[in-house]
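Visitor: Structure provided below as structure tokens; questions to follow.
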Amino acid sequence: MSFLTVLNLRKQQQGALVVNDVSFTLQPFHKIAIAGETGSGKSTLLKMIAGLVPVDEGTVLFEGQRVKGPHEVLLPGHPRIAYLSQHFELRNNYSVAEVLERVNLLEPEAAKEIYDICRITHLLQRRTDQLSGGEKQRIALARLLGTAPQLLLLDEPYSNLDMIHKNLLKTVIRDIGEEMNITCMLISHDPQDILSWADEVMLMKDGVIVQQGAPQQVYYQPLNTYAAGLLGKYNLLESATAKTLVAGPPPKGKLLLVRPEDLVLHTGNNDKTIKGKVNTVTFYGGYYELEVALPKDNITLKTMHTSAKPGDTVYISLKNADIWYI
Numbered sequence: 001m002s003f004l005t006v007l008n009l010r011k012q013q014q015g016a017l018v019v020n021d022v023s024f025t026l027q028p029f030h031k032i033a034i035a036g037e038t039g040s041g042k043s044t045l046l047k048m049i050a051g052l053v054p055v056d057e058g059t060v061l062f063e064g065q066r067v068k069g070p071h072e073v074l075l076p077g078h079p080r081i082a083y084l085s086q087h088f089e090l091r092n093n094y095s096v097a098e099v100l101e102r103v104n105l106l107e108p109e110a111a112k113e114i115y116d117i118c119r120i121t122h123l124l125q126r127r128t129d130q131l132s133g134g135e136k137q138r139i140a141l142a143r144l145l146g147t148a149p150q151l152l153l154l155d156e157p158y159s160n161l162d163m164i165h166k167n168l169l170k171t172v173i174r175d176i177g178e179e180m181n182i183t184c185m186l187i188s189h190d191p192q193d194i195l196s197w198a199d200e201v202m203l204m205k206d207g208v209i210v211q212q213g214a215p216q217q218v219y220y221q222p223l224n225t226y227a228a229g230l231l232g233k234y235n236l237l238e239s240a241t242a243k244t245l246v247a248g249p250p251p252k253g254k255l256l257l258v259r260p261e262d263l264v265l266h267t268g269n270n271d272k273t274i275k276g277k278v279n280t281v282t283f284y285g286g287y288y289e290l291e292v293a294l295p296k297d298n299i300t301l302k303t304m305h306t307s308a309k310p311g312d313t314v315y316i317s318l319k320n321a322d323i324w325y326i
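Under the UniProt record's numbering, the first residue of the sequence shown carries the number 1, and numbering increases by one thereafter.
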């Protein structure tokens with residue numbers, strides 16, 4: 001029996017299918033991240049799993065039992081499934097401790113563990129109107145954990161956070177899974193959030209799962225340009241360029257897909273390189289990104305170090321990576 005089973009879920013809103021025949025299973029402690037363009041059905045799917053939005057067709061089974069919709073229960077939601085919206089609210093003019101105590105179902109020691117994991121112990125005596133956005137986010141998360149959930153659904157938890165609070169929240173979410181043994185699913189628009197955290201990535205478009213698999217597989221072997229673009233920049237190379245970089249002819253009608261980090265920058269030519277002219281050089285802290293004009297293509301590549309400048313002639317080769325055509 002799966003921990004969570006989603007079977008043929010469908011949901012229509014304002015005449016449009018926002019979730020269309022979605023099915024998947026989730027095992028305990030397996031981390032699934034969902035990505036997709038705005039309006040692809042990600043948030044609605046999580047709310048249906050949590051029992052917060054009625055299901056038009058299909059079934060959600062949690063530990064073998066059907067999750068009831070909001071019209072079937074007095075209080076919408078499932079007691080062991082917690083959903084954190086990106087639009088959460090905290091009551092004003094209350095102390096953090098008061099906000100948390102209102103919903104806490106745990107013994108004092110267990111509650112203290114949650115406060116420590118969420119890095120909010122030092123905030124307990126503050127009023128909620130004295131908190132930063134990142135602090136409020138962690139308190140809203142601690143409030144949910146106080147209900148003792150087994151499944152935690154996080155809807156864009158990192159949106160509107162500065163880098164300091166975002167990195168702190170990432171650590172908190174990691175610790176929730178590892179130290180509290182709570183299974184998590186999350187939605188994010190940032191590929192780095194998804195790829196660095198998930199065991200499995202699910203990509204959605206128009207209410208449908210268009211690709212699903214391990215992060216490395218989905219990143220390096222996307223089924224189409226939509227899937228490729230959701231997880232980062234990519235290059236699609238025409239046949240003439242592909243023939244120079246890859247041994248053997250490309251499949252008929254296919255384009256070579258190459259991520260920017262799989263291209264290598266050279267100052268000299270050899271039989272495995274192709275000549276290009278640098279258009280732009282952008283520094284991103286940990287790497288440089290170059291846009292280079294080739295005879296038949298314009299490409300983007302990443303490199304840790306470079307002295308190249310716009311207008312310079314450079315030579316490009318492909319790393320010894322798996323070749324992927326779409």
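Note that CB positions come from ideal geometry on N, CA and C, so glycine has one too.
#1: Output the residue ranges of the alpha helix (DSSP H) runs that lie fully inside the stretch 76-142 and measure 4 residues or longer, sorted by chain position.
#2: So, is the C-beta of I182 closer than 8 Å to a C-beta in chain D?
#3: In the DSSP output, what is R174 paired with across the bridge?
#4: Between K233 and P260, how many whole angstroms is the CB-CB distance? I'm expecting something under 8 Å.
#5: In whole angstroms, what is the alpha-carbon distance linking E89 and L223?
#6: Just mark I182 as buried or exposed, buried being the case when its beta carbon has 16 or more other beta carbons within 10 Å.
#7: Quick check on M163: does DSSP put it in helix, strand or coil?
#8: Hey, I34 and K47 are a contact pair by Cβ (cut 8 Å); roughly how many whole angstroms apart?
#9: Comparing C-alpha positions only, which one of G213, P149, L318 and D190 sits nearest to L84?
#10: When DSSP labels each residue in this structure, what does M204 get in the three-state scheme?
#11: If R143 and V99 are in contact, beta carbons under 8 Å, what's the gap, nearest whole angstrom?
#12: Output the residue ranges of the alpha helix (DSSP H) runs that lie fully inside the stretch 188-275 and measure 4 residues or longer, sorted by chain position.
#13: Is DSSP giving S23 helix, strand or coil here?
#14: Could you give the distance in angstroms between the alpha-carbon of D175 and the alpha-carbon of L257?
#15: N270 and A293 - do their beta-carbons sit closer together than 8 Å?
Guide: In short:
#1: 96-101 and 108-117
#2: You won't find chain D in this structure, because it holds only one protein chain.
#3: BP columns for R174 are empty, so no partner.
#4: 5 Å
#5: 39 Å
#6: buried
#7: helix
#8: Not quite, the Cβ-Cβ distance comes to about 12 Å (not below 8 Å), so this is no contact.
#9: P149
#10: strand
#11: 6 Å
#12: 191-195, 215-220, 225-230 and 239-245
#13: strand
#14: 36 Å
#15: no
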